[in-house]
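Structure record follows, encoded as structure tokens.
Residue numbers (the numbering used here): 4 to 45.
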């Protein structure tokens with residue numbers, strides 16, 4: 004079972020990657036789709 008403390012690094016990593024993608028001129032559509040799909044499958 005994953006606890007709240009285990010999820011903190013995942014949330015931070017996700018937020019940093021999304022912000023980095025926005026600033027770098029990268030299209031985040033596929034990354035956001037993967038994030039949603041991964042959350043759905045979990």
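In this text, a Cβ means the ideal position worked out from N, Cα and C, and glycines have one as well.
Query                                                                                         : Result
Looking at residue 41 and residue 31, is the spacing between their C-beta atoms short of 7 Å? : no
Can you tell me where the alpha helix (DSSP H) holding residue 35 begins and where it ends?   : 32-44
Mapping DSSP to helix, strand and coil, what is residue 24?                                   : helix
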